[in-house]
Each structure stands twice: as structure tokens, then as C-alpha cells.
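**Q** I am attaching a structure below and will ask some questions about it afterwards.
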């Protein structure tokens, strides 16, 4: 994981050289609060990476659900995603995301079509 702000490393370098927070904010053109927050983060954590656990946690695409979907697909690969989503009480969209993004699988629908000249 890299630093989210390109100024974080410069802020800490200037801080280690002994520049004041006001001077740092003027030199880099960032707000003083950004400088304060970056220095506080560095002193608390010892690094410039983002804190872990930020953002909204997953509710449906959890590792347990992904594992359960993988087992369902392994047992019967011909079952439709709609039926699997109904069985597992997951929305069709979430089921599709799990199959495509987590399991790296694609579904193929074979349909019978009426030819236009027939």
C-alpha cells in the first residue's frame, strides 16, 4: 500500500528537518490541518500508509459466502445463477459479482433463437 497523498513524504521530511507546520503548509500549498494530521499519523503509526479497516465492510461478498458459492458451482455448474441466488438468499447482482469477480468465472447462456429469414 502506498501513501495516499503525494505530499505525505515531503511533509514528514520537512518536519524531520525542523520546519514549522506553517512553513511546511506554505511551501507545499496544503492546509495546516493536513500537515498536523500527517505528522500525527506518522508519530502514532510510524509509517505513512493509510490505516487499515477504513471504508464500509463487505456484507455479502464475505469469504464464507464466496466459499459457499464456489461449492455450489462445483457441485452443479449447470444451475442458473438466479436459482443459486434464490437458494442462498443473495441478490442476483451480488451472486453475479461473486461468480465473476471473486471466482473469475463466466456464465454462458445457450439459447434457441428464431432466425429472421425463417
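Residue numbers (full-length UniProt numbering): 1 to 118.
No residue lacks a Cβ here, since even glycine has one placed at the ideal position from N, Cα and C.
Take residue 96 as the anchor and find which of 55, 30, 66 has the nearest alpha-carbon.
**A** Per the Cα distances, 66.
**Q** Closer than 7 Å to a non-hydrogen atom of the ligand FMN - does that hold for the CB of residue 106?
**A** Among the components of this structure there are no ligands whatsoever, and the ligand FMN is therefore not found.
**Q** Would you tell me roughly how many angstroms separate the C-alpha atoms of residue 86 and residue 102, rounded to the nearest one?
**A** Taking the straight line from one Cα to the other gives about 19 Å.
**Q** Assuming residue 32 and residue 22 are in contact, meaning their beta carbons sit under 8 Å apart, how far apart are those beta carbons, in whole angstroms?
**A** 7 Å
**Q** According to DSSP, is residue 77 helix, strand or coil?
**A** coil
**Q** Can the beta-carbon of residue 82 be found closer than 8 Å to that of residue 92?
**A** Yes, they are a contact pair.
**Q** Can you give the Cα-Cα distance for residue 3 and residue 40, rounded to whole angstroms?
**A** At residue 3 the pLDDT is 49, less than 50, meaning the model places this residue with poor confidence; the figure from the coordinates comes in the next sentence. In a straight line, the C-alpha of residue 3 is about 15 Å away from that of residue 40.
**Q** To the nearest angstrom, how far is it from the Cα of residue 1 to the Cα of residue 49?
**A** The predicted position of residue 1 is uncertain, since its pLDDT is 43 and thus under 50; no value can be drawn from it.
**Q** Smallest Cα separation from residue 43: which of 61, 77, 11, 88?
**A** Taking each of 61, 77, 11, 88 in turn and checking the Cα distance to residue 43, the smallest one comes out for 11.
**Q** Residues in the same chain with beta-carbon distance under 6 Å from residue 38, minus the five sequence neighbours each way, listed in chain order, please.
**A** 8, 11
**Q** So residue 95 is in the alpha helix (DSSP H); what residue range does that whole segment cover?
**A** 92 to 97
**Q** Would you report the Cα separation of residue 36 and residue 13, rounded to the nearest angstrom?
**A** Distance between the alpha carbons of residue 36 and residue 13: 14 Å.
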